[in-house]
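Chemist: Counting from 1 along the sequence shown, just add 45 to a position and that's the residue number in the numbering used here. The beta carbon of each residue, even a glycine, is placed where N, CA and C say it ideally should be. Only a predicted model underlies this, so the values are computations on that prediction, with no experimental measurement involved. One structure coming up, written as structure tokens, with questions to follow.
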Amino acid sequence: MTRNMCLRLSFCNLFLLLIMILFSCSDIKGQKNDHKYTNDLIHETSPYLLQHAHNPVNWRPWSTSALEEAKKEDKLVLVSVGYSSCHWCHVMEEETFEDEEVAKLMNENFISIKVDREERPDVDHVYMTALQLINGNGGWPLNVITLPNGKPIYGGTYHTKEQWSKVLAEVSKLYKNDPKKANEYADMVAQGIQEVNIIQPVSDLGMLTPEVLKNSVEKWKDNWDLKWGGNRGSQKFMIPINLDFLLDYAVLTEDKDAMDFVKTTLDRIAWGGVYDHVAGGFYRYSTDAQWKVPHFEKMLYDNAQLLSLYSKAYKLFNEPMYKKVVEETIAFLDREMKNPGGGYYAAIDADSEGEEGKYYVWKEEELKAVLGSDYDLFAKYYNIKRSNIWENDSYVLFRNSGDEEFIKENDIDAEDWDGVQERWQNKILTARNKRIRPNTDDKIITSWNALLINGFVDAYNVFNETAYLEKAEDVFNFIKKNSLNKDQLIHTYKKGSKKSDGFLEDYSFLANASLKLYSTTMTDSYLDFAKEMNQIAKDKFADENSGMYSFNSDDELIAQIIKTDDGVLPSPNAVMAENLFLLGHIDYDKEATLKARSMLSSMISVLEENAYNYSKWNSLLLKTAYPFYEIAVVGNDAKQLLAELQQQNLPNTLILGSNKESEMPLFKGRYADDGTYIYVCQDHTCKLPVATAKEALEQLKNF
């Protein structure tokens, strides 16, 4: 309700009027609402939706009632999807959705719905698929126009005011003048969306071979940028799951090309501008092929997965920079993205004060003023020279080489180097903290926090820093307390927000994280919880026709979603299959391992042709096509030996421990009071027990 609406109320009861002004006419922050317009989004808690709450457009959140209203009034539906840290979403709002003439067109002819893609990834998946079918590519903001039944007849991304006005007029004209044509086209697009989500179950497990895996990687190699890392292209995304798979693949197949490619990529990313050299943490992606200039938003899911990746890579390469990246990224997350209760926020905007990257970039004179006598060496290290100016005479900090090379080239005393860098960083960070910060999207997303649990546990297993494990358990407990209600997960949590049902990714990722906690802590409750989440996911999402699991549990959308490919997040179906595979090995459950292998066999044709988008499946194929081992550590000192083994890089190995009697198959009958023993097994066949990690590793090597 706006102030003008309030003033038209009856004055017969002054007290009630004051209450209305104070509570109905104020925004959620408790400040007086002096905006000219206010729409239904004012009642939401999503920062992205609230950004549009004072547009002249009569936005409303996604709901069945909005769609029913469209059917009743025979109006086209406009669905606009974005997220709070999306730069071009902000631009389109300011240029287009805040324009009163555009709003008039939208309000008269359309039911307009705003969607936060992070709250409703299911809606985003459906209409992004539509956009890709219509245009051949996608992006955000995602803007589709649909019939009253939700089937799309137009799709696009960013539009200027003029472009959008033209689209609105032409689509509206088509629907009024030729509704039959509009319906035929919409039916065709809807059918296309459904076909994309059709998976044909396959029962030929004979395809799960090393040859298929190698063919998949060999075809992918043609797209590798061997100089700069990552896939070839004018823009580059990190996609940690790809590099994680390739690390294991390189070790098991002794593929030196794959190993070198991963090392190059990891180095270039950590040297590049996509890493925040001042405060730690990674930006979303690189706008160029050399990782120099990022798109400046920071997403929790990227940083969570990169914690795991750089920790794992440290095991293999023993590269000090990787440890520093992990330490700085965790410090950044704690400082800038942590909820006081223990969960972590979704994202930090790219923009501040209306400019992308303004908070993060530097002008030469600023650096000189802040650094003083340190400037010249700093400028060499971070490439501050005229040829590297980005925009508005500003620089993005990036490096071209490792510290050893730089120290040698500049005749620096290696013993003083850490102190020099720390002095720089303190000066720069202090100066940057005085700037106006970008906004933080303070939703706490269950699936993304589950990835962070894995990141913390992986860092703990490598660096033996107890605080990292404590952080993982704090996040887990936060989710159990705030995002779990009677065994049902919600997708996002924010105090006062509406409770939205969890999706497959929430259950599968959290079950996976709980398994990782179990394998590290030996705490049975984590295993029990993983089994519980896995069973609920099977009950809620199982799809008999495909043998997979649907993304959501209801049928309110125009097509079912069976999400099998990776994106910035691993495929939730691939994670489900991995969970089944691991539980099968923990419990000697042949039915679970068969289900995992059956799901994997259905994906062979696509992963063989397109490894880049199916690395999580390829990780499972690696576990299936090559020997997979179980290591059981049993005895009073299991924790110490377990930690020693977890510090090793052991792909295709499940490591578990117990310091008490247990009826679990891997531990049954193996506990002894006289010592702690390690059992190295493959397919339930075990070597003789040994007492040291060194002996176990030797057995593993010669199994």
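Return yes when the Cβ of leucine 86 is within less than 8 Å of the Cβ of tryptophan 104, no when it is not.
Modeler: Contact: yes.
Chemist: Look at leucine 187 and tyrosine 172 and say whether their C-beta atoms are less than 8 Å apart.
Modeler: Yes. Within cutoff.
Chemist: How would you write the range of the beta strand (DSSP E) that leucine 187 sits in, first residue to last?
Modeler: Its beta strand (DSSP E) spans residues 187-191.
Chemist: Rounding to the nearest angstrom, what Cα-Cα distance links arginine 715 and glutamate 381 in this structure?
Modeler: Rounded to whole angstroms, arginine 715 to glutamate 381 spans 46 Å at the Cα level.
Chemist: Tell me the DSSP bridge mates of isoleucine 535?
Modeler: BP columns for isoleucine 535 point to Asp546.
Chemist: Considering only C-alpha positions, which residue in the set Ala476, Lys430, Asn694 and Asp419 is nearest to glutamate 409?
Modeler: Residue Lys430 is the option with its Cα nearest to glutamate 409.
Chemist: Which same chain residues, not among the five before or five after threonine 310, have their C-beta less than 7 Å away from its C-beta?
Modeler: So the list reads Gly274, Gly275 and Leu288, once near-sequence residues are dropped.
Chemist: Does the region 188-196 touch the region 607-626, meaning 3 or more C-beta pairs lie closer than 8 Å?
Modeler: Too few Cβ pairs lie closer than 8 Å, so no.
Chemist: If glycine 325 sits next to glutamate 364, beta carbons under 8 Å apart, how far is it from one beta carbon to the other, in whole angstroms?
Modeler: So it is not a contact: roughly 17 Å between Cβ atoms.
Chemist: Going by beta-carbon coordinates alone, are methionine 567 and glycine 702 separated by less than 8 Å?
Modeler: Going by C-beta atoms, methionine 567 is nearer than 8 Å to glycine 702.
Chemist: Within 10 angstroms of the Cβ of aspartate 169, are there 16 or more other Cβ atoms? Answer buried if so, exposed if not.
Modeler: Classification of aspartate 169: buried, given that the 10 Å Cβ count is 16 or more.
Chemist: Note down the Cα distance separating leucine 258 from aspartate 249, rounded to an integer number of angstroms.
Modeler: Going from the Cα of leucine 258 to the Cα of aspartate 249 covers about 16 Å.
Chemist: Suppose you measure from the CA of tyrosine 674 to the CA of aspartate 293; what does that come to, to the nearest Å?
Modeler: If you take the alpha carbons of tyrosine 674 and aspartate 293, they lie about 14 Å apart.
Chemist: Mind checking which residues open and close the beta strand (DSSP E) that includes serine 125?
Modeler: Looking at the DSSP string, the run of the beta strand (DSSP E) that includes serine 125 is 121-127.
Chemist: Check for me: the beta strand (DSSP E) holding lysine 18 runs from which residue to which?
Modeler: Since the first and last residues shown for the chain are 46 and 748, residue 18 lies out of range.
Chemist: In the DSSP assignment, find the unbroken beta strand (DSSP E) run with valine 678 in it and report its ends.
Modeler: 674-679 is the span of the beta strand (DSSP E), which, as asked, contains valine 678.
Chemist: Applying the criterion that 16 or more other CB atoms from any shown protein chain within 10 Å of the CB defines a buried residue, is threonine 537 buried or exposed?
Modeler: Buried is the call here.
Chemist: Going by the beta-carbon positions, is the gap between alanine 315 and methionine 283 smaller than 8 Å?
Modeler: In this structure, methionine 283 does not lie closer than 8 Å to alanine 315 by Cβ.
Chemist: Helix, strand or coil for alanine 575? Go by DSSP, reduced to three states.
Modeler: In the structure shown, alanine 575 sits in a helix (DSSP, three-state: H, G or I).
Chemist: State the DSSP-derived secondary structure class of isoleucine 481, mapped to helix, strand or coil.
Modeler: Looking at isoleucine 481 - three-state DSSP - the assignment turns out to be coil, as it is neither helix nor strand.
Chemist: Alpha carbons only, please: which of Asn428, Leu562 and Ala395 is nearest the one belonging to phenylalanine 521?
Modeler: Checking every option, the nearest Cα to that of phenylalanine 521 belongs to Leu562.
Chemist: Taking just the CA atoms, how far does arginine 477 sit from methionine 137?
Modeler: Whole-angstrom Cα-Cα distance: 28 Å.
Chemist: When you compare each of Thr485, Arg468 and Glu450 to aspartate 396 by their alpha carbons, which one comes out closest?
Modeler: The candidate whose alpha carbon is nearest that of aspartate 396 is Thr485.
Chemist: Near threonine 565, what residues of its chain come up, given a Cβ to Cβ distance below 8 Å and the 5 sequence neighbours on each side ignored?
Modeler: Val502, Tyr505, Asn506, Leu514, Leu687 and Gln691.
Chemist: Could you check if arginine 480 is buried or exposed, using at least 16 other CB atoms within 10 Å of its CB as the buried criterion?
Modeler: Per the 10 Å Cβ criterion, exposed.
Chemist: Run through DSSP, which three-state label would valine 102 get?
Modeler: In the structure shown, valine 102 sits in coil (DSSP, three-state: anything other than H, G, I, E or B).
Chemist: Just to confirm before moving on: does the CB-CB distance between tryptophan 336 and valine 319 stay below 8 Å?
Modeler: Yes. Within cutoff.
Chemist: Is tyrosine 220 helix, strand or coil when you go by DSSP?
Modeler: Three-state result, tyrosine 220: helix.
Chemist: May I have a chain-ordered list of the alpha helix (DSSP H) segments no shorter than 4 residues that lie completely inside the region 650-722?
Modeler: Fully enclosed alpha helix (DSSP H) runs of 4 or longer: 660-670 and 683-691.
Chemist: Is it the case that the Cβ atoms of alanine 741 and threonine 254 are separated by a distance below 8 Å?
Modeler: Contact flag unset, no.
Chemist: Would a C-beta distance cut-off of 8 Å place isoleucine 457 and asparagine 494 closer than the cut-off?
Modeler: For isoleucine 457 and asparagine 494, no; Cβs fall outside 8 Å.
Chemist: Leaving aside the five residues before and after glutamine 605 along the sequence, list all residues of the same chain whose C-beta is less than 6 Å from its C-beta, in chain order.
Modeler: Cβ within range, chain order: Asn242 and Ser595.
Chemist: In terms of alpha-carbon separation, which member of Pro92, Pro285 and Asp421 lies closest to lysine 351?
Modeler: The residue you asked about is not lysine; residue 351 is leucine in the sequence shown. The candidate whose alpha carbon is nearest that of leucine 351 is Pro285.
Chemist: Going by DSSP, which residues form a beta bridge with glutamine 335?
Modeler: According to DSSP, which records beta bridges pairwise, glutamine 335 is partnered with nothing at all.
Chemist: Would you mind listing the alpha helix (DSSP H) stretches within the region 409-446 that are 4+ residues and don't spill past its ends, in chain order?
Modeler: Those alpha helix (DSSP H) runs which fall completely within the region 409-446 and span 4+ residues are 409-416 and 420-426.
Chemist: Once the 5 residues before and after threonine 609 are set aside, which same chain residues still bring their CB inside 8 Å of it?
Modeler: Ile244, Met593, Ser616, Asn618, Ala619, Met648, Val651, Tyr659 and Trp662, listed in sequence order.
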